[in-house]
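Down below is the structure, laid out as structure tokens.
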Amino acid sequence: MTEEEDPQKNADTQLYDVLVPPGVPRKIIADVLNKFDVELVGRKQRLYFANMEGDEREILAFRAPLEVAQEVEKFIFAELKEFIEEE
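Read in order, the letters of the sequence shown are residues 746 to 832 in our numbering.
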């Protein structure tokens with residue numbers, strides 16, 4: 746998780762980004778948006794896996810207060826685990 750401030754939100758509320766790993770099914774992204782009070786944002790991030798050698802890519806992130814961000818992170822990992830086991 747990366748700490749990120751959002752000027753449109755209450756200045757007292759610290760917001761965090763939960764980065765969405767490339768390849769996460771759209772259904773999981775939609776489920777997060779429906780289940781949690783988060784904002785879907787785009788972020789530029791350098792990636793260092795496969796053939797990407799530090800390429801900067803626009804990736805998705807869910808922006809929320811810390812407690813919600815932690816719940817979202819757990820939810821995504823649980824859903825990905827279930828998705829992989831089905832394959």
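All C-beta atoms in this analysis are idealised placements derived from N, C-alpha and C, irrespective of residue type, glycine included.
TODO: Thinking alanine 814 and arginine 788 are a contact (beta carbons under 8 Å), I'd like their distance in whole angstroms, please.
DONE: The sequence position of residue 814 within the sequence shown is 69, counting from 1. The sequence position of residue 788 within the sequence shown is 43, counting from 1. No, alanine 814 and arginine 788 are not in contact; Cβ-Cβ is about 14 Å, not under 8 Å.
- [ ] Measure the CB-CB distance between glutamate 818 and valine 763 and report whether it falls below 7 Å.
- [x] Here residue 818 refers to the residue found at position 73 when the sequence shown is read from its first residue. Here residue 763 refers to the residue found at position 18 when the sequence shown is read from its first residue. Yes, Cβ-Cβ distance for glutamate 818 and valine 763 is below 7 Å.
Open item on the list: So for leucine 764, helix, strand or coil by DSSP?
Closed with: The count along the sequence shown starts at 1 and reaches residue 764 at position 19. In this structure, DSSP gives leucine 764 an extended state, which the three-state scheme calls strand.
Open item on the list: Let's test the definition: count the other Cβ atoms within 10 Å of the Cβ of leucine 760 and tell me whether it reaches 16, buried, or not, exposed.
Closed with: Counting from one through the sequence shown, the residue named residue 760 turns up at place 15. Taking all protein chains in view, the Cβ of leucine 760 is crowded by 16 or more other Cβ atoms within 10 Å, so the residue is classified as buried.
Open item on the list: Among Glu831, Ile821, Phe820, Val765, whose alpha-carbon lies nearest the alpha-carbon of leucine 792?
Closed with: Here residue 792 is taken as the residue at index 47 of the sequence shown, counted from 1. Comparing C-alpha distances from leucine 792 to each of Glu831, Ile821, Phe820, Val765 shows the shortest one belongs to Val765.
TODO: With DSSP as the reference, please indicate the residues paired to valine 769 in a beta bridge.
DONE: Counting from 1 along the sequence shown, the entry for residue 769 is found at position 24. For valine 769, which the question treats as bridged, DSSP gives no partner whatsoever.
Open item on the list: Looking at the secondary structure, which residues open and close the alpha helix (DSSP H) in which phenylalanine 828 lies?
Closed with: Sequence index remark: in the sequence shown, residue 828 carries index 83 (1-based). Counting along the chain, the unbroken alpha helix (DSSP H) around phenylalanine 828 starts and ends at 811-831.
- [ ] Could you please give the first and the last residue of the uninterrupted beta strand (DSSP E) stretch that includes glycine 787?
- [x] For the purposes of this step, residue 787 is identified with residue 42 of the sequence shown, where counting begins at 1. 784-792 is the extent of the beta strand (DSSP E) around glycine 787.
TODO: Count the other CB atoms, across all protein chains shown, that sit within 10 Å of the CB of arginine 808; report buried if there are 16 or more and exposed otherwise.
DONE: Counted from its first residue, the sequence shown places residue 808 at position 63. Buried, by the Cβ-count rule.
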